[in-house]
Structures are given as structure tokens and as C-alpha cells.
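Participant: My questions all concern the structure below.
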Amino acid sequence: MKLQLKNTFLNELPADTNLENTPRKVENAVYSFVTPKQTANPKVLHVSQEMALELGISEEETTSEFFKNIFTGNEVYPATKPFAMCYAGHQFGNWAGQLGDGRAINLFEIEHQNKNWKVQLKGAGETPYSRNADGLAVLRSSIREYLCSEAMFHLGVPTTRALSLSLSGDQVLRDVLYDGNPAYEKGAIVARVAPAFLRFGNYEIFAARKDLINLQILLDYTLKHHFPQIGSPSKESYIQFFKTVSENTLDLIVHWQRVGFVHGVMNTDNMSILGLTIDYGPYGWLEDFEFGWTPNTTDRQKKRYRFGNQPSMGLWNLYQLANALYPIIEDAKPLEAILNQYKIDFERKSLQMMRSKLGLQLVEENDLSLIQDLEEVLQLTPTDMTIFFRLLSDITADTEGLKGVKKAFYNPKDITGATKRRWNHWFEKYHARLQRETRSHPQRKEKMDAVNPKYVLRNYMAQLAIDAANKGDYSLINELFELLKKPYSEQPEKEKWFAKRPDWAKNKIGCSMLSCSS
Ligand code: AMP
Ligand code: MG
């Protein structure tokens with residue numbers, strides 16, 4: 194396995210001069226060198242061959258001992274120096290100070306087919322940023338990150354990728370419910386990949402410390418390597434950079450709203466500067482359509498990161514990034530204008546996204562009210578978001594709307610009286626609206642099915658794979674991985690996954706309720 198290495202990050206950004214791997218405050222540095230931990234009995238459980246090919250690694254090479262040792266941290270690839278990154282963040286609305294890669298270790302940078310990738314291990318042991326935690330990850334959360342990041346990629350949602358999922362062979366102690374009952378779980382390591390793992394918090398930390406020299410160094414690196422279209426560093430280009438980050442962040446969140454993904458922990462340390470979905474923790478997929486839903490039990494009181502609040506939280510996070518950039522830009526007006534534009538663009542882009550979900554090609558003024566009415570009726574009784582929108586593409590002027598989407602209702606017998614009337618009324622309006630469309634039904638259906646996935650990683654599906662894996666059966670990981678490679682395609686032999694959440698999963702830990710304990 195010969196990798197095409199590149200070292201822009203290490204060569205161009207300042208390193209921590211302290212080489213000790215002890216929890217501490219790290220200043221004047223973007224990263225600290227650290228070696229991954231040796232593990233008891235590493236075993237590769239799954240490899241994303243698509244991702245491996247992107248990195249120039251052949252299928253045969255992924256089965257080697259060398260691959261296993263490198264991507265579980267048991268061997269350091271020749272001439273590379275693993276490191277953990279220093280960042281800060283606002284967590285749940287409060288400034289949290291230095292955080293950093295507490296359980297992520299960057300291995301190296303690969304340049305293959307004109308694409309530059311950073312590869313990191315999640316769960317490979319302590320770093321100077323581990324604070325009082327162990328730097329490890331459990332199989333449960335690693336399966337969730339592995340499957341979901343690749344699923345998101347195939348859904349067309351910007352995301353960090355995953356290369357491999359491995360067992361470490363070590364046991365890891367976790368208190369899943371934070372109720373004083375810790376238990377041992379299988380330790381695991383995900384090798385994940387992205388053009389950059391930089392977060393808003395990487396910039397915030399230097400601004401908070403008034404370290405403008407390093408803030409500018411990092412900013413210039415970011416522009417040069419990730420936003421080359423913006424041009425050479427200047428106040429104008431920093432403003433343009435912020436505008437692009439703002440637009441990318443909004444586009445990302447509109448994608449989340451489209452597919453029903455709830456990130457769960459949109460802290461600024463989990464916001465990618467490239468607008469990628471990053472840090473798959475207590476995320477969840479909407480089952481019944483509900484703006485107020487969050488999977489994260491840690492956020493159950495305030496529901497700060499609930500489905501319907503994600504767009505505003507993206508904006509809140511961008512305010513923090515704007516504050517961090519202000520000392521360099523020294524002009525609040527353009528930053529404010531960009532933040533205001535986010536709100537305007539959100540209305541426009543989210544309306545356009547909903548039009549696409551409904552199969553409306555023409556733009557009509559009343560579309561907004563049609564969409565708002567739908568969002569209200571969808572929440573009258575529990576209605577499965579994925580199934581509803583997928584079935585909608587089969588509705589034509591001659592089909593009875595309510596019958597067509599019946600499978601989406603969790604309690605079909607509750608669709609009576611006023612609820613039924615509201616649904617019928619909505620379908621009347623929808624039918625009338627479809628009449629004014631010019632595309633044929635097959636054309637409309639094709640477009641709708643390309644934005645309304647048939648298969649997503651439902652919370653209970655990931656949990657089934659986890660339960661089986663904890664018993665030593667890893668086959669479901671592969672089955673789901675394969676299924677989710679084609680989320681928009683009909684896969685008749687896999688129709689069982691086009692189904693509502695089963696009753697047992699409604700209030701089960703790991704399905705609808707997740708903590709940050711991972
Ligand atoms: P998260 O919200 O999961 O992205 O994590 C927030 C911060 O806690 C980051 O700095 C993580 O690196 C750190 N962290 C989370 N879990 C662990 C762990 N098991 N060991 C060390 N650091 C951790
Ligand atoms: Mg994080």
C-alpha cells in the first residue's frame with residue numbers, strides 16, 4: 194500500500210512544541226503531535242471500497258495486515274507524523290474554551306487524482322485535548338458514524354466520509370444513560386476522511402486568545418487550500434470567505450431538512466468550515482415529521498438542536514464565526530449583511546427545496562401556503578416523513594391522495610373527522626396545483642424520487658446492526674451499507690427497510706433517544 198502523501202497542513206501551520214501527551218492548554222499552535230494507542234486485538238470489520246479507491250488503495254490492499262495496522266493506529270505509516278488539532282467551541286450556546294481533538298488523531302494527508310484528503314482515526318486514544326476522558330470510542334457509536342457518513346454521501350448531502358470500521362479489541366467503559374451504571378463495551382475505531390476537518394472552533398480559539406497572528410495564518414491556509422477561487426488574502430477576500438462559508442452552511446442545513454436528518458449537537462466545534470456534516474454523535478432521522486424533535490437526550494429540556502431549529506442554529510453559529518473573524522476584517526457591516534442574507538436565502542432555498550419534494554417545477558406565489566399547510570397537517574398525527582414524501586410521487590390527478598399515502602401514518606385509524614377533512618382539503622389543493630404543472634407524471638415522479646429518498650438510516654436500523662454486532666454478527670452492517678449506497682433507487686428485494694419504525698423502537702435507548710456518551 195503506497196500512499197501519495199502530501200504535507201500542506203503540517204508544513205504550513207504551526208505545531209505545538211510540547212510533545213508530551215498529557216491534557217493541557219495548548220497555545221500558539223494549530224495541532225499537537227501524538228501517536229495513536231496500541232490496541233489489544235485489532236480487527237477490520239468493514240471497508241468502504243469507494244472511499245479506498247478515492248485514496249488510491251486497492252480492494253486487495255484493504256485486506257492486508259498493513260492496512261489493518263495503519264487504520265487502527267497500531268502502526269504509523271512511514272514518514273508521517275500523526276497529530277491532534279486544537280480548537281475551541283460554543284457548546285449549547287455557551288463558550289466552552291479549548292476543546293480540540295480529544296479522541297481523533299489525524300494520520301496523514303493524501304493527494305490522489307487531484308483531490309486532497311485528510312485521514313483521521315476516531316477513537317485511537319488520548320491526546321493533549323482529551324481532558325479527563327479516554328480518547329476512545331465504542332462500537333455502537335462507531336457503527337453509527339460509519340454507516341451514516343457513507344449514507345449521507347450517497348444521499349448527496351455534504352459530509353465527512355468513512356474509510357473503515359474496526360474493532361480495537363479493547364473494552365471501553367461507558368455510562369450510556371449517565372445514571373451511574375457504567376458498563377464495558379467493545380472499543381472501535383473509525384478511519385474517517387475529509388478534505389479538511391477544520392471547524393468554526395479552530396478560528397474561534399485564536400480570536401478568543403487575541404492571537405491574531407495565528408488566526409491569520411490559519412485563515413490564509415484555509416483560503417489557499419480550500420477556497421482557491423477567492424484569491425489572495427485581503428480584507429475583501431476574508432469577507433468573501435465568510436460569505437462562502439455562510440452559503441455552504443445554509444446549503445448543508447437545507448439538505449438536512451430535505452432528508453430529515455437531525456444532527457443533535459450543532460456546537461461550533463462540530464461545524465465544518467467546508468459545510469460538511471461532521472461528528473456523528475447523537476444524531477437521528479425523523480420518523481414522524483415533527484419540527485420539535487431531537488434525538489439527543491442531553492438536549493431534551495431546551496431542545497436547542499431540534500429539527501425545526503437547525504437553520505437558526507446554523508445562523509447562530511455563523512455569528513460566532515463572524516465574531517472570530519472580526520478582529521481581522523475590522524468591519525462589522527459586511528459581516529452583518531452576510532448574516533442577514535442567510536435569513537433571506539434560507540426562506541428562498543427552503544421553499545425551493547420543498548417545491549422539489551412536492552414535484553412542483555413552476556413557481557407560484559401560493560406555494561408557500563401550500564407547503565406550510567402540509568407541514569401543519571403532517572404534524573396532526575404521527576406521519577412518517579420518508580414514506581410520505583416517497584409515496585407522494587405516485588399521486589396523480591386520478592388518485593385519491595389520502596389513500597396513496599396511507600402507509601405513512603403511524604395510527605391510520607386516527608385519520609378521521611377534522612384531521613381527515615384537513616388532509617382531504619390539502620390534497621384537493623395539491624391536486625389543483627399539479628394540474629397547472631406542465632411535466633408529465635413520469636417526468637415529475639423521476640424528479641421527486643431523486644430528492645425524496647426511499648431508504649435512510651432509520652434509528653432502529655442502526656440499532657439492529659449494533660445489537661447484532663455486539664453479539665459478534667457483523668452481517669447487518671454490510672447489508673445496510675449496501676442498501677444505503679442507493680437511497681433513491683427502488684430495491685424491491687430490500688423493501689422491508691421501506692417501513693415505519695416498529696413499535697418496539699419508539700422509546701428505546703439508541704433508537705429515538707441517544708446521549709453524547711460515545
Ligand atoms: P463532541 O460533542 O462529541 O463532538 O465532543 C466534544 C468534545 O469532547 C471534543 O473536543 C471531543 O474531542 C471531546 N470528547 C468526546 N468524547 C471523548 C472521549 N471519549 N475522549 C476524549 N475526548 C472526548
Ligand atoms: Mg466534536
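So in the numbering used here, the last spot in the sequence shown is 711, and the numbers never skip.
We put the beta carbon where it would ideally sit given N, CA and C, even for glycine.
Computed from a predicted structure; not experimentally measured.
Give the range of the alpha helix (DSSP H) segment to which Asn363 is assigned.
Facilitator: Reading off the sequence shown, one finds Asp at residue 363, where the question assumed Asn. Note, Asp363: premise wrong, no alpha helix (DSSP H); beta strand (DSSP E) at 354-367.
Participant: Could you check what DSSP says for Tyr224 in three-state terms: helix, strand or coil?
Facilitator: Correct three-state label for Tyr224: strand.
Participant: Where do the N-terminal and C-terminal ends of the alpha helix (DSSP H) with Glu258 fall, by residue?
Facilitator: Segment 258-263, the alpha helix (DSSP H) holding Glu258.
Participant: Select from Lys550, Ile432, Ile702, Leu360 the residue whose C-alpha is nearest the C-alpha of Val644.
Facilitator: Checked all of Lys550, Ile432, Ile702, Leu360; the closest Cα to Val644 is Lys550.
Participant: Can you check which of these residues, Pro605, Asp591, Ala590, Leu584, is closest to Gly597 by C-alpha distance?
Facilitator: Here the closest residue by C-alpha is Leu584.
Participant: Which class does His712 belong to by DSSP, given the choice of helix, strand or coil?
Facilitator: Here the chain has residues from 194 to 711 only, and residue 712 is not among them.
Participant: Along the alpha helix (DSSP H) that carries Gly394, what are the first and last residues, could you check?
Facilitator: Counting along the chain, the alpha helix (DSSP H) containing Gly394 begins and ends at 393-401.
Participant: Leu360 to Ala233, Cα distance in whole Å?
Facilitator: Those two C-alpha atoms are separated by around 10 Å.
Participant: Would you mind working out which of Met464, Asn267, Ser251, Glu540 sits nearest Thr353, comparing C-alpha positions?
Facilitator: It is Met464.
Participant: Spell out the partners DSSP gives His283 in its beta bridges.
Facilitator: According to DSSP, His283 bridges with Trp288.
Participant: Note down the Cα distance separating Ala517 from Glu252, rounded to an integer number of angstroms.
Facilitator: So the alpha carbons of these two residues sit roughly 43 Å apart.
Participant: Are the beta-carbon atoms belonging to Asn262 and Asn407 less than 8 Å from one another?
Facilitator: No, they are not a contact pair.
Participant: From the DSSP output, in three-state form, read off Gln572 for me.
Facilitator: In the structure shown, Gln572 sits in coil (DSSP, three-state: anything other than H, G, I, E or B).
Participant: Since Val383 and Val331 should fall inside the 8 Å C-beta cutoff, what is the C-beta to C-beta distance between them, to a whole number of angstroms?
Facilitator: In fact, because the Cβ distance is near 11 Å, the residues do not count as touching under 8 Å.
Participant: Would Leu198 and Ile303 be called neighbours here (beta carbons separated by less than 8 Å)?
Facilitator: Contact flag set, yes.
Participant: Could you give the DSSP three-state label for Lys236: helix, strand or coil?
Facilitator: The answer is strand: DSSP assigns Lys236 an E or B state.
Participant: When you compare the CB positions of Thr470 and Met345, do they come within less than 8 Å of one another, or not?
Facilitator: In contact: Thr470 and Met345 (Cβ atoms closer than 8 Å).
Participant: Below 8 Å on the Cβ atoms is my guess for Thr490 versus Met641; work out the distance and round it to an integer in Å.
Facilitator: Contact flag wrong, Cβ pair sits at about 34 Å.
Participant: Would you give the residue range spanned by the alpha helix (DSSP H) that Ala611 belongs to?
Facilitator: That run of the alpha helix (DSSP H) goes 610-628.
Participant: I'd like the span of the beta strand (DSSP E) that includes Arg311, first residue to last.
Facilitator: What sits at residue 311 in the sequence shown is Lys, not Arg. Lys311 -> beta strand (DSSP E) spans 308-315.
Participant: Grouping DSSP H, G and I as helix and E and B as strand, with all else coil, what is Thr437?
Facilitator: Residue state, collapsed to three classes: helix.
Participant: Would you mind giving the Cβ-Cβ distance between Val227 and Pro275, rounded to the nearest angstrom? I have them listed as a contact below 8 Å.
Facilitator: Val227 to Pro275, Cβ: 6 Å. Contact.
Participant: Buried or exposed for Asn652, going by 16 or more other Cβ atoms inside 10 Å?
Facilitator: By the neighbour-count rule (16 or more Cβ atoms within 10 Å), Asn652 is buried.
Participant: Let me confirm a value: Pro605 is counted as buried when at least 16 other C-beta atoms fall within 10 Å, else exposed. Which label applies?
Facilitator: Result: exposed.
Participant: Regarding His463 and the ligand MG, is the C-beta to nearest heavy atom distance less than 7 Å?
Facilitator: Note on residue identity: the sequence assigns Asn, not His, to residue 463. For the ligand MG, at least one heavy atom lies less than 7 Å from the Cβ of Asn463.
Participant: For a test of the three-state rule: what should DSSP assign to Ile335, helix, strand or coil?
Facilitator: Correcting the residue type first, residue 335 is Ser in the shown sequence and not Ile. If DSSP states are grouped into helix, strand and coil, Ser335 belongs with the helices.
Participant: Does the distance from the CB of Gly457 to the CB of Thr487 come in under 8 Å?
Facilitator: The answer is yes: Cβ separation under 8 Å.
Participant: For Leu669, which residues of its own chain have a beta-carbon under 7 Å away from its beta-carbon, when the five flanking residues on both sides are left out?
Facilitator: Cβ within range, chain order: Leu657, Ala658, Ala661.
Participant: How would you write the range of the beta strand (DSSP E) that Arg637 sits in, first residue to last?
Facilitator: Here Arg637 belongs to no beta strand (DSSP E); instead the alpha helix (DSSP H) covers 634-642.
Participant: Does the structure place the stretch 362-376 close enough to the stretch 384-395 that three or more beta carbon pairs sit under 8 Å?
Facilitator: Verdict: no, contact absent.
Participant: Let me check one thing: in DSSP terms, what residues is Ala381 bridge-paired to?
Facilitator: Beta-bridge pairing links Ala381 to Ala330, Leu360.
Participant: Alpha helix (DSSP H) containing Ile670: first to last residue?
Facilitator: Per DSSP, Ile670 belongs to the alpha helix (DSSP H) from 668-676.
Participant: Quick one: is the Cβ of Cys704 within less than 7 Å of any heavy atom of the ligand AMP?
Facilitator: Not so, every heavy atom of the ligand AMP lies at least 7 Å from the Cβ.
Participant: Rank Leu238, Pro207, Phe285 by C-alpha distance to the C-alpha of Met506 and give the top, closest one.
Facilitator: With distances taken between Cα atoms, Met506 lies closest to Phe285.
Participant: Taking the alpha carbon of Gly380 as the point to measure from, which residue in Asp327, Leu370, Phe260 has its own alpha carbon closest?
Facilitator: The shortest C-alpha separation from Gly380 is found at Asp327.
Participant: Let me confirm a value: Gly468 is counted as buried when at least 16 other C-beta atoms fall within 10 Å, else exposed. Which label applies?
Facilitator: Buried is the call here.
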